[in-house]
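**Student:**
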Amino acid sequence: MFEIFNKQNLIKYFLMLIIVTMSTYYIPKCSIMNEHAIYIGLLAATTFVLLDRYMPYVVIVSDKENEL
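Everything in the sequence shown is counted per the numbering used here, starting at 8 for the first residue and increasing by one.
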């Protein structure tokens, strides 16, 4: 199972978790409990993992010579 995620992807997912959790906790004017900020961070990071895993990128190559 661990061969699916490489070290670079794990760092990327962990940074996403930390950034979303901290911004959820510090940016709003009303105070959000630590637990809720962590839940929002986990939800965002999990969504990012799923999107990155199943739809990593889309490359559209256009050949202008064949279009004419």
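All C-beta atoms in this analysis are idealised placements derived from N, C-alpha and C, irrespective of residue type, glycine included.
#1: If we count Cβ pairs, one from each stretch, closer than 8 Å, do we get three or more for the region 24-44 versus the region 62-72?
#2: Quick check on N13: does DSSP put it in helix, strand or coil?
#3: Compute every distance between the C-beta of I47 and the non-hydrogen atoms of the ligand NAP, then say whether any falls below 7 Å.
#4: Between the alpha carbons of M62 and T53, how many angstroms are there, rounded?
**Tutor:** The structure says:
#1: Contact check between the region 24-44 and the region 62-72: fewer than three CB pairs, one atom from each, fall below 8 Å, which does not count as touching.
#2: It is coil, neither helix nor strand.
#3: Looking at this structure, you won't find the ligand NAP or any other ligand, since it has none at all.
#4: Approximately 14 Å, taken between the alpha carbons.
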